[in-house]
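See below for the structure under consideration.
2 protein chains.
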Amino acid sequence: MTTRIKDVAKEAGVSTATVSHVINDTKFVSDEVKLKVEEAMKRLQYIPNMVARSLRSRKSNTIGLIVPIKTNDNSNNFFLSVANGIEEVLSKNGYHLLVSNSHEDPIEEIERIKMFNTQRIDGLIIAPTSGITRESCGLFGHYPIVFFDRRPEGVPGDWVLVDGMKSAYRGVSALIEKGHRKIGFIAGRMDIPTSNDRFNGYRKALEDYGIGFNEDYIRIGDLNGASGYEMTKELISQEVITAVFVANNAMSLGAVKYLKDNHYDIPGDIALIGFDDYEWTGIVNPPLSVIRQPSCEVGRRAAEIMLKRIKRSDSICQGHLLEAELIVRGSF
Amino acid sequence: MTTRIKDVAKEAGVSTATVSHVINDTKFVSDEVKLKVEEAMKRLQYIPNMVARSLRSRKSNTIGLIVPIKTNDNSNNFFLSVANGIEEVLSKNGYHLLVSNSHEDPIEEIERIKMFNTQRIDGLIIAPTSGITRESCGLFGHYPIVFFDRRPEGVPGDWVLVDGMKSAYRGVSALIEKGHRKIGFIAGRMDIPTSNDRFNGYRKALEDYGIGFNEDYIRIGDLNGASGYEMTKELISQEVITAVFVANNAMSLGAVKYLKDNHYDIPGDIALIGFDDYEWTGIVNPPLSVIRQPSCEVGRRAAEIMLKRIKRSDSICQGHLLEAELIVRGSF
DNA sequence: CTGAAAGCGCTTACAG
DNA sequence: CTGAAAGCGCTTACAG
């Protein structure tokens, strides 16, 4: 069968302990013995069994990741990009990545977390749904947690967020400085913190520029293209506005689609700023100005924090707030 | 510390073997005893340790997935979508998914496979790079392999592909039936089988309609938007053609961008069919006609085959060829 | 500097 | 129908 550490030990004429120490570099072993062991490993084509190692050492070198991608949202590049960033950092450091999807559903999320618990993950990186609250603490194992994209209150853990408030503020104030006063705001459900933060950025911008807040200019829908389409339609047909800020990527696409379908001139009739810099934003006509989140960086950072936390679990939790930038193109 | 099966056994007044059998339903246990065990588990909040189970039972309930997403290709929804499909099926069946990325680099691919081998995965689902050949067989462990998107020759394993030949055939013959005779073909490197298959579909369509093949109409670049842009530019400036078939998603975007930047009328000056149905294809002007691959279905199917193969490893390997459809919109 | 041995938490023949 | 015990392949105090 497969060769074990015992076989290597016999082949090299040493104890299994010594082989283990050579493999893990956990104690000084003379060069002579080390060489013998290494040659034996090569000769026998030894492949360490990480499962056994995990059991004994009580760490799995595995990090769990839970993303909240909805079933039909197969173009959610934000999370793809974050996952890429995480995978990059982890695999460079010899860690494995176990991936799961909550589909933005709190029930499924709990199931996934429980599954991960049985796997003895060393840490969990998660974009939590609104289901994760102070009461959820007991759900998690004794591993460090890094939240990204959203951050539940009352649950200890590090976090990496993009400053949604500042993001929206940037977009909306750019619209204002172009002379717009009647600015619509479209977002997804407010129980997801990102939507809420961005909404606050919108309000803050209006406030700072001395523009009155008008509730009629707000449309809250679902986080998908169809809803973006509907909300834009509603907003534009019911209100006299000159600009729209869309606080979500899928909805941005819906907004563009509605405006195009109905032959609105962008930015002549309606100025538009969308969220997230997907590739298509550069090729629509006019190219869409957007808020670009540093998504890959979010992933990398989350993974780095996780690895640090695993090394020193004592230090207090900390947050990282990354900044988004406004990409100015032709839509406002 | 954490409670073990031994604690449950003591609490329930039975042996660990009985507890194990209750958990795994692997032998008949009287209802009475079963109940006692179940109550004990609940009382002690017992969480099985899958690592220990894996070690003992020599199966990990974990499948490895290796995708070939290049570093900057964060909009590769094809693989995102496939991964979603895989995750969906696996987690429904109690399996875990370990994800890694080869970045389309054979060297990295080998490293990732080796990492997976140490993890004792029960199976590997992979879109192999061109580095996987007959000689690579020794690289894999004794687990079943399901290839998707591409299929290396001479390596045993099941596979799930989308018929690239037929896909391209469909697109190109649609162009021909619209009256086009001078049709350009743009694709990525030919060492990736998908590009090659699609090229063959292009040739076959020309042949079947009695149109001569002209090598000057072919442009082979890299699998990214910039290259799509360049190839389109070259093709259009050097040749007199009326239509282009682009055999890759990122390159399709580049092609559209070039045509738009240079104010070509689509389909008036140049008719266009792209590859893969990303969300943006519906909102550009005119909406892009594309070949839509059933990406999520590829993932689901790959996972299902994997699970079947794990259950009965005796049956012979089989392939699944899914069909892509032509989505007709306004670009030809 | 190296080795003998216990033990991580399970499953699984085997015996009764 | 249930239990005692071996063993999966490692790591890690401990002794020398």
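Quick note, the sequences are listed as chains Y and X, same order. Oh and the first sequence: position 325 is 325 in our numbering, straight run, nothing missing. Here our numbering = 1-based position in the second sequence + 332. Glycine residues also receive a C-beta, built at the ideal position from the N, C-alpha and C atoms. For clarity, every value in this text was computed on a predicted model and none was experimentally measured.
_If you reduce the DSSP assignment to three classes, tell me which class His428/X lands in._
strand
*asked:* Pull the bridge partners of Phe185/Y from the DSSP assignment, please.
replied: Ile218/Y and Phe245/Y
_Three-state secondary structure assigned by DSSP to Gln508/X_ = Looking at the sequence provided, one finds Ile at residue 508/X rather than Gln. If DSSP states are grouped into helix, strand and coil, Ile508/X belongs with the helices.
*asked:* Against Gln293/Y, what residues of chain X qualify as contacts under a CB-to-CB distance less than 7 Å, listed in chain order?
replied: Neighbours of Gln293/Y on chain X: none; closest Cβ ~11 Å, over 7 Å.
_Which of helix, strand or coil DSSP assigns to Ile442/X_ = helix
*chain X contacts made by the region 45-75 of chain Y, where a contact means CB separation under 7 Å*: Ile47, Pro48, Asn49, Met50, Val51, Ala52, Ser54, Leu55, Ser60, Ile69, Asn74 and Ser75
_Entirely enclosed alpha helix (DSSP H) segments - the region 578-638 of chain X, minimum 4 residues_ = 581-593
*For Ile573/X, decide whether its Cβ has a neighbour in chain Y, counting only Cβ atoms nearer than 8 Å.*
no
*Compare the C-beta of Asn449/X against all C-beta atoms of chain Y and say whether one is closer than 8 Å.*
yes
_Given Val616/X as reference, the closest of Ala384/X, Phe577/X, Ala587/X and His512/X once Cα atoms are compared_ = Ala587/X
*Could you check where the alpha helix (DSSP H) with His652/X kicks off and where it finishes?*
From DSSP, His652/X is part of no alpha helix (DSSP H) but of the beta strand (DSSP E) over Gly651 to Leu654.
*Along the chain, where does the alpha helix (DSSP H) that runs through Asp31/Y open and close?*
Asp31 to Leu44
*In or out: Pro488/X buried (at least 16 other Cβ within 10 Å) or exposed?*
exposed
*What residues of chain X sit near Trp159/Y, judged by a beta carbon separation below 9 Å?*
Ordered by position in chain X, no residue passes the 9 Å Cβ test against Trp159/Y, which lies about 22 Å from the chain.
_Same chain only: Cβ atoms within 6 Å of Ser54/Y, ignoring 5 sequence neighbours per side_ = Ser60
*Can Val37/Y and Ala12/Y be called in contact, C-beta distance under 8 Å?*
yes
*asked:* Check this for me: beta carbons of Thr281/Y and Tyr258/Y, under 8 Å apart or not?
replied: no
*asked:* Between the alpha carbons of Ile66/Y and Asp548/X, how many angstroms are there, rounded?
replied: 48 Å
*What residues in the region 257-278 of chain Y bring their beta carbon closer than 8 Å to a beta carbon of chain X?*
Lys257, Lys260 and Tyr278
_With a threshold of 8 Å between beta carbons, is Leu412/X in contact with chain Y?_
yes
*Does the beta-carbon of Ile107/Y have 16 or more other beta-carbons within 10 angstroms, so that it is buried, or is it exposed?*
exposed
*Of the residues Arg641/X, Glu611/X and Leu430/X, which one's Cα is nearest the Cα of Asn72/Y?*
Glu611/X
*Going straight from the alpha carbon of Asp158/Y to that of Glu420/X, what length do you get?*
28 Å
*Quick one: is Tyr501/X buried, meaning 16 or more other Cβ sit within 10 Å of its Cβ, or exposed?*
buried
*Whole-angstrom distance between Met306/Y and Ser15/Y, CA atom to CA atom*: 35 Å
_Can you give me the C-alpha to C-alpha distance between Leu161/Y and Ile86/Y, rounded to a whole angstrom?_
14 Å
*asked:* For a cutoff of 8 Å on Cβ pairs, would you count Cys628/X as touching chain Y?
replied: yes
*Using a Cβ cut-off of 7 Å, which residues of the region 416-428 of chain X contact any Cβ in chain Y, in chain order?*
Asn416, Glu419, Ser423 and His428
*Take Ser252/Y and list the residues in its own chain whose beta-carbon comes closer than 6 Å to its own, dropping the five residues that flank it on each side.*
Val246, Gly274 and Phe275
*Does the distance from the C-beta atom of Tyr686/X to that of Val354/X stay below 8 Å?*
Limits of chain X in this structure are 333 at one end and 664 at the other, which puts residue 686/X out of reach.
_Val572/X and Ile602/X - do their beta-carbons sit closer together than 8 Å?_
no
*asked:* Just to confirm, is the Cβ distance from Phe78/Y to Leu98/Y under 8 Å?
replied: no
*asked:* Closer than 8 Å is the cut-off here; do at least three beta carbon pairs connect the region 204-213 of chain Y with the region 172-186 of chain Y?
replied: yes
*Buried or exposed: Met522/X, going by 16 or more other Cβ atoms within 10 Å of its Cβ?*
exposed
_Can you pull the chain Y neighbours of Gly463/X, defined as C-beta to C-beta under 9 Å?_
Ordered by position in chain Y, no residue passes the 9 Å Cβ test against Gly463/X, which lies about 17 Å from the chain.
*Is it true that the CB of Ser621/X sits closer than 8 Å to the CB of Val660/X?*
yes
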